[in-house]
Amino acid sequence: MTESAHPSHRRHLLESAIQALPVGMVVHDAQGHCILANAAARHLDPEATLDLPAPDGPPAAGRAVAEVGDRVVEAQARPLSVDSEDFTLTTLLDVTQHHRIQRDLIGRAYIDALTGLPNRLMFEQSIEELIAGAQRSDRFALAFIDLDNFKHINDYYSHAAGDTLLRKVAERIRGSLRPSDMLARLGGDEFVLLLNPVLDRDATLACVSEISERLKQPFFIDGHEIFASASMGLSLFPDHGTAYETLRRQADSAMYRVKGSVKGGVSVFEEAMSQAATARMAVEQRLRLAIRDRCFCCAFQPKVDMRTHAVKGVEVLLRWRDELGVIQAPGDFVGLAIELGLINEITLQVLAETVRAIPDLDDMFGDEITVSLNIAAKQACDVPFMTAFCESLGQTGLAPRFILELTEEAFFTKGRFQREVLPRIRAIGARVSIDDFGVGYSSLAALAEITADELKIDRSFITDIHQRPRSQIVLKAIESLGMALGMSVVAEGVETHEEVAYLLAATQIRCAQGYYFARPMLIDQIRLEHVRHPGERPVERQRRAATMREPLMRRHA
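With the numbering used here as the guide, the letters of the sequence shown map in order to residues 3 to 559.
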């Protein structure tokens with residue numbers, strides 16, 4: 003017999019192997035006393051594994067997970083019988099890293115990383131469990147919370163400041179909640195709040211209104227005093243639904259009602275909102291089909307020199323030819339297109355149609371006119387879109403004739419437009435106009451930093467200007483400032499002879515646009531004019547087109 007086969011040597015080898023095992027191993031006798039523990043067991047649990055209390059019955063199999071100090075240990079016990087004696091063999095395994103990874107995965111699945119709040123998935127599951135266990139008398143409320151103008155805060159102060167604001171908003175709301183309430187972040191600047199339980203509609207509305215007012219208090223971030231507000235919509239269980247999806251949809255409808263009227267308010271769902279939401283969805287579907295089928299067309303309204311009646315340019319106005327062939331004005335759908343992110347495709351279609359219409363415009367008004375195209379503020383700060391747009395416009399070879407009209411809002415995004423987009427516009431030779439000046443984010447300090455070529459004074463300053471002394475003072479100030487900064491000034495929405503007479507007598511403004519001179523014309527109407535008067539020179543057409551006056555109307559195209 004070899005030495006390795008000798009029983010004492012084999013016993014020593016077995017003991018050494020047990021001590022060297024990376025898994026903890028402990029043996030207890032029938033009274034619960036530890037009679038064997040290897041090194042790994044002593045390392046994982048140097049105290050508890052060596053002196054366990056005697057079991058109440060015979061050894062039994064079992065599994066348990068426990069925290070031992072800063073470790074998580076999994077213990078698995080099984081009975082063992084040797085020479086008619088009963089023992090318990092327990093293995094100990096360090097699963098700390100496994101549990102850490104597991105907690106991290108669970109956290110990522112259910113917790114919002116930025117705010118530490120429950121995320122959409124966790125909130126939905128919680129509400130569904132709450133509904134499943136609800137009694138007949140149980141009542142709770144959902145409040146959808148959407149920060150107002152959050153994108154402007156992001157653009158002006160930085161995305162880091164925006165993230166800090168989201169965390170502070172979460173903290174401010176959470177600080178006023180009961181343990182039974184739950185606040186979750188759905189994503190972006192959207193939050194949802196569970197109030198459970200609630201008594202009635204009025205008490206719930208008062209509670210949420212108090213939170214709304216608290217959010218209007220300033221936030222101090224990176225040395226800035228930032229003011230914010232949130233629009234909130236409420237739905238009540240079971241009054242407005244007995245399923246999460248229904249309650250979510252109703253609260254969302256109530257929130258959008260606030261967005262569409264007075265931001266920063268609170269609204270409780272009403273049945274009429276559901277009807278409005280259904281109608282909105284119908285318009286959305288029609289709008290998507292219109293984009294697919296290229297149902298948009300352009301109307302062109304002249305910009306006229308009031309002193310010579312010469313047409314200096316045309317503004318391109320978007321129209322939608324619907325399924326019945328009816329032409330719809332942009333006020334009915336542009337806001338929805340911007341909200342849904344559909345306006346980019348529409349704008350590219352408008353650009354393509356405008357370029358195709360240039361020969362007809364030149365025949366009607368002459369080949370020196372400018373062409374003004376409207377760009378939404380949201381688009382103007384969308385660098386990828388504006389890059390693609392400028393490339394498309396540049397490839398036409400007509401960019402020097404184009405003026406891009408943007409509202410003031412586009413210029414006040416902490417230099418992003420001027421720093422990243424304006425150079426691309428300048429590079430292709432196009433110009434820039436500030437549209438509807440005076441009704442948006444007007445600021446003399448900000449205006450001094452804007453590098454635009456044209457200033458279009460909003461029609462609210464022009465209407466009945468001859469009868470409004472205070473508006474006359476404001477108009478004069480805007481005119482002087484625009485001209486001092488090297489911008490040409492255009493009066494929008496001119497509709498009456500009295501308005502024209504005042505502008506000619508009291509200002510140096512030469513260019514105007516409005517129904518007094520000409521209403522917007524579709525390209526088919528312009529072509530028809532060309533057929534009716536084939537022998538006219540462009541300048542003669544200019545004069546005739548500029549003096550064609552429709553019945554005076556009190557609305558702007």
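Even glycine gets a Cβ: it sits at the ideal position worked out from N, Cα and C.
Tell me whether residue i sits in a helix, a strand or coil according to DSSP, three-state version.
{"i": "H161", "result": "helix"}
{"i": "T372", "result": "strand"}
{"i": "K170", "result": "helix"}
{"i": "L338", "result": "helix"}
{"i": "G26", "result": "strand"}
{"i": "L46", "result": "helix"}
{"i": "G59", "result": "Residue confidence for G59 is low, a pLDDT of 43 falling below 50, so the modelled location carries little weight and cannot support an answer."}
{"i": "D254", "result": "helix"}
{"i": "M366", "result": "helix"}
{"i": "V496", "result": "coil"}
{"i": "M308", "result": "coil"}
{"i": "Q330", "result": "strand"}
{"i": "I528", "result": "helix"}
{"i": "C297", "result": "coil"}
{"i": "K458", "result": "strand"}
{"i": "F221", "result": "strand"}
Here's the rule: buried if 16 or more other CB atoms are within 10 angstroms of the residue's CB, otherwise exposed. What is residue i?
{"i": "S178", "result": "exposed"}
{"i": "H226", "result": "exposed"}
{"i": "T310", "result": "exposed"}
{"i": "D460", "result": "buried"}
{"i": "M184", "result": "buried"}
{"i": "I329", "result": "exposed"}
{"i": "G516", "result": "buried"}
{"i": "T453", "result": "exposed"}
{"i": "H30", "result": "buried"}
{"i": "M283", "result": "exposed"}
{"i": "G190", "result": "exposed"}
{"i": "T389", "result": "exposed"}
{"i": "A486", "result": "exposed"}
{"i": "S233", "result": "buried"}
{"i": "A312", "result": "buried"}
{"i": "F335", "result": "buried"}
{"i": "Q33", "result": "exposed"}
{"i": "I129", "result": "buried"}
{"i": "E456", "result": "buried"}
{"i": "S255", "result": "buried"}
{"i": "S482", "result": "exposed"}
{"i": "G235", "result": "buried"}
{"i": "G315", "result": "buried"}
Tell me which residues share the same chain as residue i and place their Cβ nearer than 6 Å to its Cβ, disregarding the 5 neighbours each side in the sequence.
{"i": "E192", "result": "D148"}
{"i": "E173", "result": "none"}
{"i": "V74", "result": "V97, T98 and H101"}
{"i": "S237", "result": "L144, L249, Q252, A253 and F271"}
{"i": "H468", "result": "E500 and Y504"}
Hey, quick one: how far does the beta strand (DSSP E) through residue i stretch, first residue to last?
{"i": "D148", "result": "F142 to L149"}
{"i": "K314", "result": "V313 to R323"}
{"i": "H226", "result": "H226 to I228"}
{"i": "A493", "result": "S490 to A493"}
{"i": "T409", "result": "F404 to T409"}
{"i": "T206", "result": "Looking at the DSSP string, T206 is not in any beta strand (DSSP E); the run it does join, the alpha helix (DSSP H), is R203 to L217."}
{"i": "T93", "result": "E87 to D96"}
{"i": "V434", "result": "R433 to F439"}
{"i": "F391", "result": "Element bounds for F391: not the beta strand (DSSP E) but the alpha helix (DSSP H), V385 to Q397."}
{"i": "S576", "result": "Since the first residue of the chain shown is 3 and the last is 559, residue 576 is not available in this structure."}
Under 7 Å: does the beta carbon of residue i sit that close to some heavy atom of the ligand MN?
{"i": "S139", "result": "Because no ligand of any kind appears in the structure shown, any question about the ligand MN cannot be addressed here."}
Which residues in the same chain have their Cβ closer than 7 Å to the Cβ of residue i, if we skip the five residues on either side of it in sequence?
{"i": "N121", "result": "Y112, I113, D114, A186 and R187"}
{"i": "S18", "result": "none"}
{"i": "F419", "result": "A382, C383, A412 and F413"}
{"i": "D58", "result": "Bear in mind that the predicted position of D58 carries a pLDDT of just 43, short of 50, making it too unreliable to give a figure here."}
{"i": "E422", "result": "V385"}
Does any residue of chain C have a CB that is nearer than 8 Å to the CB of residue i?
{"i": "I511", "result": "Here chain C cannot be found, since the structure has a single protein chain."}
Considering only residues of the same chain and omitting the five flanking positions on each side of residue i, which have a CB-CB separation below 8 Å?
{"i": "S10", "result": "none"}
{"i": "S83", "result": "F89"}
{"i": "D324", "result": "R288, A292, C297 and Q330"}
{"i": "I42", "result": "It is Ala, not Ile, that sits at residue 42 in the sequence shown. Counting only Cβ-Cβ distances below 8 Å, and skipping sequence neighbours, we find L23, P24, V25, G26, M27 and L94."}
{"i": "S182", "result": "N198 and P199"}
{"i": "R176", "result": "L119 and L185"}
{"i": "I480", "result": "F439, G440, L457, I459, F463 and V491"}
Along the chain, where does the alpha helix (DSSP H) that runs through residue i open and close?
{"i": "P81", "result": "Not the alpha helix (DSSP H): P81 falls in the beta strand (DSSP E), residues R73 to V84."}
Q | Meets three-Cβ-pair contact criterion under 8 Å: the stretch 242-256 and the stretch 217-228 | A | Verdict: no, contact absent.
Q | Meets three-Cβ-pair contact criterion under 8 Å: the stretch 461-468 and the stretch 491-500 | A | As far as the Cβ criterion goes, the stretch 461-468 touches the stretch 491-500, which means the pair count is three or higher.
Q) Is there contact between the stretch 514-528 and the stretch 295-309, where contact requires at least three CB pairs shorter than 8 Å? A) Because the criterion of three Cβ pairs below 8 Å is met, the stretch 514-528 and the stretch 295-309 touch.
(Q) With three or more beta-carbon pairs closer than 8 Å as the criterion, would you say the stretch 83-97 touches the stretch 139-157? (A) Between the stretch 83-97 and the stretch 139-157 there are fewer than three C-beta pairs closer than 8 Å, too few to call the two in contact.
Q: Indicate whether the contact test is met: 3 or more Cβ pairs, each with one atom in the stretch 399-411 and one in the stretch 424-440, closer than 8 Å.
A: With three or more CB-CB distances shorter than 8 Å, the stretch 399-411 counts as touching the stretch 424-440.
Q: Evaluate the contact criterion for the stretch 286-298 versus the stretch 256-265: three or more CB pairs, one atom per stretch, below 8 Å.
A: Flag = no, the stretch 286-298 and the stretch 256-265 do not touch.
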